[in-house]
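Asker: Take the sequence shown: its position 1, counting from 1, is numbered 751 in this note's numbering, and each next residue is one higher. Right, I'll just put the structure down here and ask away after.
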Amino acid sequence: MITLHEVYEQGTETVKEAVRSFGTRHPLGPATADAEPDWKLAERHFTSVIEVIMGTAALAQPDAAGTVRRAENAARQLLLTLNTLPNYRCPICVKQGRGPL
Numbered sequence: 751m752i753t754l755h756e757v758y759e760q761g762t763e764t765v766k767e768a769v770r771s772f773g774t775r776h777p778l779g780p781a782t783a784d785a786e787p788d789w790k791l792a793e794r795h796f797t798s799v800i801e802v803i804m805g806t807a808a809l810a811q812p813d814a815a816g817t818v819r820r821a822e823n824a825a826r827q828l829l830l831t832l833n834t835l836p837n838y839r840c841p842i843c844v845k846q847g848r849g850p851l
């Protein structure tokens, strides 16, 4: 399964900005303007997004690799879509009841 870091490394500038934005939604400490992202938490939440998508995807592909690839592509698209919204919250944080930034 692709990692958030790999998405960043392989992505265009728009994708890289979306990954950085997703990271800032997971601050290490108090949510301040200069807070460093908790990349381990952001990575876990990105993996969870892919797993949720895989769990809800119709299994049209005869192999698991096709399902994983489609879920990874959908997760990339979700990052890009979320990045167009001001002050969005990570969907996994919302699901887990983490407070707003």
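Note that the Cβ used here is the ideal one computed from N, Cα and C, for glycine as well. From a predicted model like this one, the values you see are computed outputs, not experimental measurements.
Is it buried or exposed, ALA814, if we count other Cβ atoms within 10 angstroms and call 16 or more buried?
Answerer: For the purposes of this step, residue 814 is identified with residue 64 of the sequence shown, where counting begins at 1. ALA814 is exposed by the Cβ-count criterion.
Asker: Look up PRO836 in the DSSP assignment and say whether it is helix, strand or coil.
Answerer: For the purposes of this step, residue 836 is taken as the residue at position 86 of the sequence shown. Correct three-state label for PRO836: coil.
Asker: Here's the rule: buried if 16 or more other CB atoms are within 10 angstroms of the residue's CB, otherwise exposed. What is LEU754?
Answerer: Looking up residue 754 in the sequence shown gives position 4. Burial call: buried.
Asker: Could you please give the first and the last residue of the uninterrupted alpha helix (DSSP H) stretch that includes PRO841?
Answerer: Walking along the sequence shown from the start, residue 841 turns up at place 91. 841 to 846 is the extent of the alpha helix (DSSP H) around PRO841.
Asker: Would you list, in sequence order, the uninterrupted alpha helix (DSSP H) runs of no fewer than 4 residues that lie entirely inside the segment 752 to 791?
Answerer: Taking only runs of at least 4 residues, the alpha helix (DSSP H) segments lying wholly in the segment 752 to 791 are 754 to 760, 763 to 774.
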